[in-house]
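The next block holds one structure in the form of structure tokens; read it before the comments.
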Amino acid sequence: MSPSRNLILAIGDLVALLVFVIIGQADHNTLNQGNPILGALPNLVALAVPWLIIAFLLRAYPRTPMRLAPFMGRSALAWLIAAPLGLLLRAVLQSRGGIPIPFLIVTLLAGGALLLGWRLVYWLVAMRRASSPVEIGS
């Protein structure tokens, strides 16, 4: 895939993670009402940094187009590794003693659903565009 497509994919990943964080903060009544995005940044960074690193290392940002199963498989594996690391980073940055198991499970499932759902939509659109015939001279 081209660098610009991977940039779009990464931006979408960050938006999906931001939505997850904002929903979580709203659910726990910790949402910054004045500026929800600014209030979400510390938690977003804690999740996004491990995600971007692990996803890159596992080639969830592919260099060349790939089939759906490997694309989603690499994405899921990267999330299964990155999410606990992100929660650990969050706990350290916020001087918390640990990660409650229910919080880890919700993050893996709900955050994973948003992230992997976005990536599925991205793949379907990218593949449709890649397989569309190009008309010359139109």
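Numbering (the numbering used here), first residue to last: 1199 to 1336. Note that CB positions come from ideal geometry on N, CA and C, so glycine has one too. Computed from a prediction, not measured in an experiment: that's the story for all the values here.
- Comparing alpha carbon positions, the residue from 1257, 1220 and 1286 closest to residue 1201 is 1257.
- Rounded to the nearest angstrom, the Cβ distance from residue 1287 to residue 1247 is 7 angstroms, consistent with a contact under 8 angstroms.
- Of all alpha-carbon atoms in 1298, 1308, 1277 and 1318, the one lying nearest the alpha-carbon of residue 1255 is that of 1277.
- Excluding residues up to 5 positions away in sequence, 1253, 1258, 1313, 1314 and 1317 lie with their Cβ nearer than 8 angstroms to the Cβ of residue 1273 in the same chain.
- If you compare the alpha carbons of 1289, 1231 and 1242 with that of residue 1211, the shortest gap goes to 1242.
- Within the same chain, 1235, 1238 and 1242 come within 8 angstroms of residue 1216 by CB-CB distance, once the 5 residues on both sides are set aside.
- By the neighbour-count criterion, in which 16 or more other beta carbons inside 10 Å mark a residue as buried, residue 1323 falls on the exposed side.
- By the neighbour-count definition (other C-beta atoms within 10 Å, threshold 16), residue 1284 is a buried residue.
- Around residue 1245, the same chain offers 1215 and 1284 as residues with beta carbons nearer than 6 angstroms, after the five sequence neighbours per side are excluded.
- Residue 1328 is not a Cβ neighbour of residue 1260, given a cutoff of 8 angstroms.
- Counted as a single uninterrupted DSSP element, the alpha helix (DSSP H) harbouring residue 1270 occupies residues 1266-1291.
- Distance between residue 1228 and residue 1311, taken at the CA atoms: about 22 angstroms.
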